[in-house]
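A quick write-up on the structure given underneath.
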Amino acid sequence: FLAWAYSAEPYRLKKFPGVATFISSIASLLILFVGFFLFSGDKNLTGLSWRVILLISTALTLSLPIKDFKDIEGDKKYGVWTIPVLLGESGGRLVVSAGVFISFMLSVFLLNELRLFWWAILFGGASYLIITSRKIKPHLLFWWILAAVGAYGLILMKIVFL
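Mapped onto this note's numbering, the consecutive letters of the sequence shown carry residue numbers 357 to 518.
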């Protein structure tokens with residue numbers, strides 16, 4: 357139902373920037389829930405921390421608009437109101453880069469792990485600079501940020517779990 361409401365008329369929720377990314381984050385959380393349920397010993401979601409759920413849903417809601425830079429003209433043509441369509445490419449890059457930076461910083465506080473602080477500053481700052489840089493083509497932004505998130509995720513796993 358979520359996929360249908362996201363893209364099909366009469367709802368076509370992808371037309372609304374905040375709603376579209378929130379729906380996408382909920383869909384991602386459903387995948388996490390299924391995986392956790394399948395691999396948890398007691399087949400119960402109560403072992404999944406609310407902090408992790410809040411971090412993932414907030415970070416995805418703030419960061420997923422990065423995917424909207426690859427087709428600004430197409431979104432304008434079809435009336436899909438994305439952050440880059442509403443604010444232009446420059447304004448959109450600024451807003452999305454701030455959201456990505458905030459997402460990195462949220463990991464420190466929601467996971468209550470201060471040892472991540474400088475790593476979050478480093479990767480959040482680098483992501484901010486990547487997104488706001490005019491040298492990076494819009495269709496490549498996602499991949500650069502995915503690399504930064506992947507590297508940060510490895511560091512997070514080492515600090516938190518090892």
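We put the beta carbon where it would ideally sit given N, CA and C, even for glycine.
Can you tell me which of the options puts its alpha carbon nearest to the alpha carbon of residue i?
i	options	result
W437	L404, G374, F395	G374
W500	S396, L470, S453, I477	S453
L472	A482, G481, M461	M461
I515	G435, D424, W474, F392	W474
T417	S459, N400, G403	S459
L443	F457, V456, F425, V464	F425
S384	L369, I409, K370	I409
E469	G481, V456, L420, R407	R407
I511	S489, K493, I492, I477	I477
M513	S463, P494, R490	S463
By how many angstroms is the C-alpha of residue j removed from the C-alpha of residue i?
i	j	result
L388	S446	33 Å
V505	K432	29 Å
L466	G448	26 Å
T414	F392	19 Å
K399	L496	39 Å
S405	I412	11 Å
I486	L420	15 Å
S380	L518	31 Å
L502	F372	24 Å
F479	K491	18 Å
S489	F457	15 Å
G397	P366	42 Å
If you drop the 5 nearest sequence neighbours on each side, which residues of the same chain put their C-beta closer than 7 Å to that of residue i?
i	result
I428	P440, V441, E445
F498	I422, K423
V451	I439, L443
Under a Cβ-count criterion, where at least 16 other Cβ atoms within 10 Å of its own Cβ denotes burial, should residue i be classed as buried or exposed?
i	result
V390	exposed
T377	buried
F395	exposed
K370	buried
Y434	exposed
Specify the secondary structure class of residue i as computed by DSSP and reduced to three states.
i	result
V408	helix
V436	coil
I382	helix
P421	helix
I492	coil
With a CB to CB cut of under 8 Å and the five nearest residues on each side skipped, what residues in its chain are close to residue i?
i	result
A482	A504
G403	F392, S396
If you measure from the beta carbon of residue i to each beta carbon in chain D, is any gap under 8 Å?
i	result
F389	Absent from the structure: chain D. Only one protein chain is present.
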